[in-house]
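Colleague: Protein chains in written order, with this note's numbering: chain A, 1 to 529; chain B, 1001 to 1335. Have a look at this one before I ask anything.
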């Protein structure tokens, strides 16, 4: 565990991507294959099956430290991470060992076969032979969530560098639903004849936000425009008579959207589509309708009828079993058009049709109407561009509408977690309804570190009441809240819910009384839902 | 009911029998000051009383004040109260203040730590009936490693940074923390450069006879090429500022008890965090309180609610100092 802990420290203490990559590359060259496999698995969010609950961990740690449980519970929100809190309160280890990461994982997996008391003994024994960093990592193996600033891209780059292999190939191999306990490093990364997993998606190509004017992109004729749909990005993989739907976060969504089983009836085997999952009924339904489907593992029939989904496809990554990604977009689109033009309306598939335009000015006018199409703006893609992986500048741009905004009053504040522990970063905002302030949204982002520090000091001095971790503060500060959409929501007291709310400005110039009203929000709802 | 020996007012801790305040944050007639940090020694009081060892820094920071000094352990009558100052081990010259009225003894701790840092007069437990304790780090997650171990980490970072062609820049508050770090550095590795704010306070303490290594004040005409392999000590506010550009590629370090928490370490966005605090950690707070033999404990500065609850469970009569002590945003204070 010492080499894994040293890697963690090296990565955790720097914000420089280059240094992180170098540390990971050196580590991958050094350690045995089982260690590599588990390291990559953990950094991609794959962890061993949980054998003890976090409640048990808390109780055992408090007992071992000789502290009342409430004191651990009070410390946790301040530290912002349970695994770390436990690592910090435990007494120093009684002995030192250096067993590999894979040993500890195997140990955790064996816990399933043991009675609860024996599990506790094993955990206490582990804590007694690990130093502070190792304990944190050991606890993380149980609680999950290795958020240490190692992106998929960074890891791909480090593996490619350590092995002298092509980055794109490594990226492809890391996708999909492999598990560290059922594969080997060799099979996952090295094997030349590894049978391509039928479910494996391609790494998504992500667009950059267009902050400049489109005129800077050159002649309009080089570009394809289409609506920027407000749904869930998805990749539909049809191979070997099976279908798999992947999210951009590499999450398998197949079960959640059973509609796509029928895609096999309309498209040939060896087809991979990139597109947007949207709730659809002769056109896109509001995002709120799609939201009813998100987070539901199984879908009742009624909901299936109320909120049917389709994939609005905008790219063809694999055609007749051939990887199309190096072909220019114009070629891929032509093939995509051919495929989807013949599908009937009952198919869960639609084509994201290009928007015709001659000049950037004309496109700007069309973009201004995006909300009428329930779109967030337009996408611009260079017609001769290949399908790249990850977020790369140059060929794909999202040209979003300016967000909607309201001026709202901060009424509750709560401390953040992790990097933002000990700072007040999570706020609830309200608008006026007569003389009353009605809460309507939370927001967590948009301020600078310095602004968060200032508001934190203010919150501490202006707390009126505490409800557990939540503080009610004096209504005083007005913030401009920016958001991408608004829809009716019976679950909220205000009756509305926002899409992607964030603090866009701290309106120190604005008196409390001049914040927006609930009627203003209702007017926005009427206009934009 | 007779007045208490010390009570808590909107100006700070007040002694009715002696008509004086301890570390008040609004102007008063007579102020007893535990140490020179800005949240304890504020301007505007008519008369100040502090230890001889704290006096030079107070004069340096507050200018022409009416300052009377006292030796550690010396007893002095002020009205109906007898006061004495006892080492708090927080920074050089820092004191706990003992107040006795009619046989009842109260002690206001100011800020304190138990570990001997080699510069500050080591903490001395004082028996009392009531103890007003800070608890900046009053949570069991805060435990410090011995100073020698952090010294080794600091010096290794200095060497590694120089080997990687980066200038190490260490952020530290200019009174106390900066000098403690200077004393922890191995001057054999290279020269030590200082920001003006650190240099002036260091010189004040050096003039008092504290054993501090040689430092070079970074001025616009200082030729940095003459100081290869140097380490820079600067106030935290200078980290990431224009002032730092002159050093080219740097590796930044920050030393504070808050560096014990990964979230804070990452938010500081320094390359390295060193866990060095001039406040007592959890075990030390508990030990210090036990050694006072006090029955009544008042908690202030920090995790006051949680710490008081813990103390009550340990059998003390503990409560939170009822007034808002200025800013309790200790993370950005001098810790």
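Beta carbons: idealized from backbone N, C-alpha and C, even for Gly.
Of all the CB atoms in chain B, is at least one closer than 8 Å to the CB of residue 455 of chain A?
Modeller: Not an interface residue.
Colleague: Which whole-angstrom value is the C-beta distance of residue 1129 of chain B and residue 1294 of chain B, which I expect to be below 8 Å?
Modeller: Confirmed, Cβ separation roughly 6 Å.
Colleague: Cβ atoms of residue 122 of chain A and residue 130 of chain A: under 8 Å apart, would you say?
Modeller: In this structure, residue 122 of chain A does not lie closer than 8 Å to residue 130 of chain A by Cβ.
Colleague: Does chain B have any CB closer than 8 Å to the CB of residue 446 of chain A?
Modeller: Judged by the 8 Å Cβ criterion, residue 446 of chain A is not in contact with chain B.
Colleague: Beta-carbon separation of residue 1161 of chain B and residue 1167 of chain B under 8 Å?
Modeller: It is a contact, given that the beta carbons lie within the stated cut-off.
Colleague: On the DSSP bridge list, what partners appear for residue 439 of chain A?
Modeller: Note: residue 439 of chain A sits in a beta bridge opposite A:430.
Colleague: Got a sec: is the Cβ-Cβ distance from residue 1313 of chain B to anything in chain A below 8 Å?
Modeller: For residue 1313 of chain B, the answer is yes, since a Cβ of chain A falls inside 8 Å of its Cβ.
Colleague: Residue 51 of chain A and residue 139 of chain A look like a contact to me (Cβ under 8 Å); what is the Cβ gap, rounded to whole Å?
Modeller: The Cβ separation is near 13 Å, so there is no contact.
Colleague: Taking all protein chains shown into account, do 16 or more other C-beta atoms lie within 10 angstroms of the C-beta of residue 422 of chain A, making it buried, or fewer, making it exposed?
Modeller: Its Cβ being crowded by 16 or more others within 10 Å, residue 422 of chain A is buried.
Colleague: I'd like to know whether the C-beta of residue 150 of chain A is nearer than 8 Å to at least one C-beta of chain B.
Modeller: Residue 150 of chain A does not count as touching chain B.
Colleague: What does the Cβ neighbour count give for residue 414 of chain A, buried or exposed, with the cut at 16 atoms within 10 Å?
Modeller: Buried, since its Cβ has 16 or more Cβ neighbours within 10 Å.
Colleague: Name the two residues that bound the continuous alpha helix (DSSP H) containing residue 483 of chain A.
Modeller: That residue, residue 483 of chain A, is in no alpha helix (DSSP H); its beta strand (DSSP E) goes 478 to 483.
Colleague: Could you tell me how far apart the beta carbons of residue 1279 of chain B and residue 1029 of chain B are, in whole angstroms, since I believe they sit closer than 8 Å?
Modeller: The pair is not a contact, with the Cβ atoms about 30 Å apart (cut-off 8 Å).
Colleague: Taking 7 Å as the cut-off, does the CB of residue 1229 of chain B come closer than this to any heavy atom belonging to the ligand ADP?
Modeller: The ligand content of the structure shown is nil, which means the ligand ADP is not present either.
Colleague: Could you tell me which of A:435, A:428, A:10, A:457 sits nearest to residue 444 of chain A, measuring between CA atoms?
Modeller: Looking at the Cα atoms, A:428 is the closest of the given residues.
Colleague: What is the DSSP secondary structure of residue 1149 of chain B, counted as helix, strand or coil?
Modeller: Helix.
Colleague: Give every residue of the same chain whose Cβ lies closer than 7 Å to the Cβ of residue 5 of chain A, excluding the five residues on either side of it in the sequence, and list them in chain order.
Modeller: Here the set comprises 133, 134, 137.
Colleague: Is the beta carbon of residue 178 of chain A less than 8 Å from the beta carbon of residue 355 of chain A?
Modeller: Result no, Cβ atoms of residue 178 of chain A and residue 355 of chain A do not sit closer than 8 Å.
Colleague: Taking C-beta pairs closer than 7 Å, name the residues in chain B that residue 183 of chain A reaches, listed in chain order.
Modeller: Neighbours of residue 183 of chain A on chain B: none; closest Cβ ~31 Å, over 7 Å.
Colleague: Unbroken beta strand (DSSP E) runs of length 3 or more, entirely within the segment 1093 to 1151 of chain B: which are they?
Modeller: You should have 1095 to 1101, 1104 to 1108, 1130 to 1135.
Colleague: Roughly how many whole angstroms lie between the Cα atoms of residue 1307 of chain B and residue 66 of chain A?
Modeller: So the alpha carbons of these two residues sit roughly 16 Å apart.
Colleague: Who are the neighbours of residue 566 of chain A on chain B, taking C-beta pairs under 7 Å?
Modeller: Absent from the model: residue 566 of chain A. The displayed extent of chain A is 1 to 529, so no value can be given.
Colleague: Leaving out five residues before and five after residue 207 of chain A in sequence, what residues of the same chain have Cβ atoms less than 7 Å from its Cβ?
Modeller: Same-chain partners within the cutoff: 379, 396, 397, 398.
Colleague: Using the Cα positions of residue 1018 of chain B and residue 1061 of chain B, report the straight-line distance between them to the nearest angstrom.
Modeller: Whole-angstrom Cα-Cα distance: 26 Å.
Colleague: Would you mind telling me which residues of chain A sit closer than 7 Å to residue 1310 of chain B, beta carbon to beta carbon, in chain order?
Modeller: Here the neighbours are 71.
Colleague: Please list the residues of the segment 400 to 432 of chain A that have a C-beta atom closer than 9 Å to any C-beta atom in chain B, keeping them in chain order.
Modeller: Those would be 416, 417, 418, 419, 420, 421, 422, 423, in chain order.
Colleague: Measure the alpha-carbon distance for residue 1241 of chain B versus residue 1219 of chain B and round it to whole angstroms.
Modeller: If you take the alpha carbons of residue 1241 of chain B and residue 1219 of chain B, they lie about 15 Å apart.
Colleague: With burial defined as no fewer than 16 other Cβ atoms inside 10 Å of the residue's Cβ, what is the status of residue 60 of chain A: buried or exposed?
Modeller: Buried, since its Cβ has 16 or more Cβ neighbours within 10 Å.
Colleague: The segment 85 to 97 of chain A: which residues have C-beta closer than 7 Å to a C-beta of chain B, in chain order?
Modeller: Result list: 85, 88, 89.
Colleague: Using a 10 Å radius around the Cβ and a threshold of 16 neighbouring Cβ atoms, would you call residue 213 of chain A buried or exposed?
Modeller: With fewer than 16 Cβ atoms within 10 Å of its Cβ, residue 213 of chain A is classed as exposed.
Colleague: From A:351, A:432, A:412, A:347, pick the residue whose C-alpha is nearest to that of residue 332 of chain A; which is it?
Modeller: That would be A:351, whose Cα lies nearest to the Cα of residue 332 of chain A.
Colleague: Among the residues of its own chain, which have a CB less than 7 Å from the CB of residue 393 of chain A, if the five just before and after it don't count?
Modeller: Only 208 meet the Cβ criterion.
Colleague: Which residue wins for smallest C-alpha separation from residue 276 of chain A, given the options A:376, A:304, A:267?
Modeller: Closest by alpha carbon: A:376.
Colleague: From the DSSP output, in three-state form, read off residue 414 of chain A for me.
Modeller: Here residue 414 of chain A sits in strand by DSSP.
Colleague: Name the residues in the segment 1196 to 1228 of chain B whose C-beta lies less than 8 Å from a C-beta of chain A; which are they?
Modeller: The segment 1196 to 1228 of chain B vs chain A, Cβ under 8 Å: nothing.
Colleague: Using a Cβ-Cβ distance cut-off of 8 Å, determine whether residue 520 of chain A contacts chain B.
Modeller: With 8 Å as the cut-off, residue 520 of chain A does not count as an interface residue toward chain B.
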